[in-house]
Every structure is written in C-alpha cells, then in structure tokens.
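Numbered according to our numbering, the sequence shown terminates at residue 395, and the numbering increases by one at each position without gaps.
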Amino acid sequence: MLKVTSFRMVEGRVRNFDGHLRRLGLNGYRSNKFRNMLKAKWEVLERQGVRSCNPIVYCSDSAIELDMRPDRPFSSSIIVDACGHCDERVAPLVKGPDLAWLRSRMTISHKRGCDEGLLVDKHGFVIEGIFSSLLLVAGSVVTIGHHPRAMRSVTVEQVADIVSDSGFRVEIESEGFSIEELLGTEVLFLNAFSGVRYVTEWSFFDCDSDVTENVKSSLSCSIDVSWLNSLLWELADKI
157 MLKVTSFRMV
167 EGRVRNFDGH
177 LRRLGLNGYR
187 SNKFRNMLKA
197 KWEVLERQGV
207 RSCNPIVYCS
217 DSAIELDMRP
227 DRPFSSSIIV
237 DACGHCDERV
247 APLVKGPDLA
257 WLRSRMTISH
267 KRGCDEGLLV
277 DKHGFVIEGI
287 FSSLLLVAGS
297 VVTIGHHPRA
307 MRSVTVEQVA
317 DIVSDSGFRV
327 EIESEGFSIE
337 ELLGTEVLFL
347 NAFSGVRYVT
357 EWSFFDCDSD
367 VTENVKSSLS
377 CSIDVSWLNS
387 LLWELADKI
C-alpha cells in the first residue's frame, strides 16, 4: 500500500522527523536512504537561496519518491467549515490512498471561505479535520481526539508531551466530538505543515439557501500558540 507523508521544512529542519519515518514504515537502510535523499535535495534548494519548502513523500514497497514543493503562506488563526464532510475514506489510518478524496473535500471547504474542514462519522461526530488533528482546551485540561477512524498525528505526538510538561492534564476522547462541544471550547488544529493553529471562527453553510454564516469564537486561547509553535521548531530535527 502506498504511504505518504508531508511536512514543512525550514532551514534544513523538520519537526518530529522520526514521526514521519514511522508513518512511512521506514527503518534501517530505507530510512537512511530517505534522509540522504531529502538532505541532498534540500542542499540544492539552499544553494538557490530557498529558506523553506513543503516536501511530500510517496513510499511503496519498491520505491521512495520525494517532491520538494514550494512553501506557502498560512495563518496561526483559522476559519473552520462547521458543516462536516461524511467520512468516505477507504484507509483512514494510512495517509496516501485517500489523498485525492481529501483534497476534493478541502476544495469544497475552501470555496466556502474556510481554511479547514471537518470529517464526521455516520453518527455525525467529528473524527478530525480534513488535514489536521484536533485538540480541545478547557481550563487546565487538553483533550486529544482519538476516534477509531482518526489518523495518528505526527504533530500531536510532540504537542501532547509539551502541554503535559507545562502542567495541563491530557485526556483522550475516543468517540469523537459533537459540533456543540467544538463551539463551546477552545479548539486547536494541528498538522505537520502549519503546526498549531487556533480556531477563531466557525462557518455554517446552508445548502438550501446557498448562504454562509460565520460565528466568531468568543473564547481566547489559554495556550500561547506562538510559543507552542516556536518550541516545536526548537525541537525540530536537523536533516
């Protein structure tokens, strides 16, 4: 089965690089081969004056393909499409087989003026973002979404340790979240490209009237997102 991972690379550094190797199932000789391939391609870009990029890796049993895509702008605060997409992934725990379908869902949410969207199960519970994992913050408690159909997040691995060491109690929610839960608490979206982002608005799209209504979050984030992102880069691996 094809396995894929992608991430943001800045000045030759990658956050939780070992987590990406685990996602690809690489170890020993193949992990060293991939690291050397990434380093060589980065050095070419570096000589051209490139400071950051967005590599995507395609890994099969017989080959590793690496595309050093250009970096792109993003914000640490986001608008999220609250009208969830029914999860139709065939291999939800593996990044790769469902990329085309996920991109089509993201296109829909982007057309609604949103930065991210939600995947929901057959009962309407939120599994995760289209390309992000969810963390909910309520006082001193951080809840990590761990729905059975949620993909393991490379970024959550590190963030969970950081917030735990900072005095937060980390809990796991394995059944998914309701939309009402998300609207009533602080929500962070995490992925390997954008790092940690805070939801400042929820967007509701009415299919019948073709009208979108945005609801701003009235909650201020009790976790300093800038600090968290800076710390993730301090911990990043030099390739």
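Backbone N, C-alpha and C fix where the C-beta goes; we use that ideal spot for every residue, glycine too.
Determine whether the beta carbon atoms of residue i and residue j lie at a separation below 8 Å.
i      : j      : result
Glu329 : Gly295 : no
Ile283 : Glu272 : no
Asn385 : Val355 : no
Val343 : Val326 : no
Leu274 : His241 : yes
Cys209 : Pro226 : yes
Ser289 : Thr311 : yes
Ile379 : Val319 : yes
Val213 : Val160 : yes
Phe361 : Val371 : no
Leu222 : Lys189 : no
Ile235 : Glu390 : no
Met224 : Leu201 : yes
Tell me whether residue i is buried or exposed, calling it buried when 16 or more other Cβ atoms sit within 10 Å of its Cβ.
i      : result
Pro211 : buried
His176 : buried
Ser382 : exposed
Phe173 : buried
Met157 : exposed
His279 : exposed
Gln314 : buried
Arg207 : exposed
Arg179 : buried
Gly269 : exposed
Ala392 : buried
Leu249 : exposed
Lys267 : exposed
Phe230 : exposed
Ser233 : exposed
Ser162 : buried
Val166 : exposed
Arg228 : exposed
Asn136 : Because the chain spans 157 through 395 in this model, residue 136 falls outside it and cannot be assessed.
Give the C-beta separation of residue i and residue j to the nearest angstrom, bearing in mind that I take them to be a contact with Cβ-Cβ under 8 Å.
i      : j      : result
Arg305 : Asp237 : That belief does not hold up - the Cβ atoms of Arg305 and Asp237 are roughly 19 Å apart, past 8 Å.
Phe345 : Arg164 : Rounded, the Cβ-Cβ distance is 15 Å, inconsistent with contact.
Ile395 : Leu194 : 6 Å
His303 : Gly323 : Not a contact, Cβ separation roughly 26 Å.
Leu388 : Arg169 : 10 Å between Cβ atoms; not a contact.
For residue i, report the span of its alpha helix (DSSP H) as first-last.
i      : result
Asp174 : Phe173 to Leu180
Leu384 : Val381 to Glu390
Taking the beta strand (DSSP E) that residue i falls in, what are its first and last residues?
i      : result
Asn183 : That residue, Asn183, is in no beta strand (DSSP E); it is neither H nor E in DSSP.
Glu342 : Glu342 to Asn347
Ser359 : Gly351 to Asp362
Ser162 : Lys159 to Ser162
### Task
Can you check the segment 203–271 for any alpha helix (DSSP H) of at least 4 residues that lies completely inside it and give the ranges in chain order?
List check, alpha helix (DSSP H) in window: 255–267.
### Query
What are the uninterrupted segments assigned as beta strand (DSSP E) that are 3 or more residues long and contained completely in the segment 280–338, given in chain order?
You should have 282–285, 289–294, 297–301 and 325–329.
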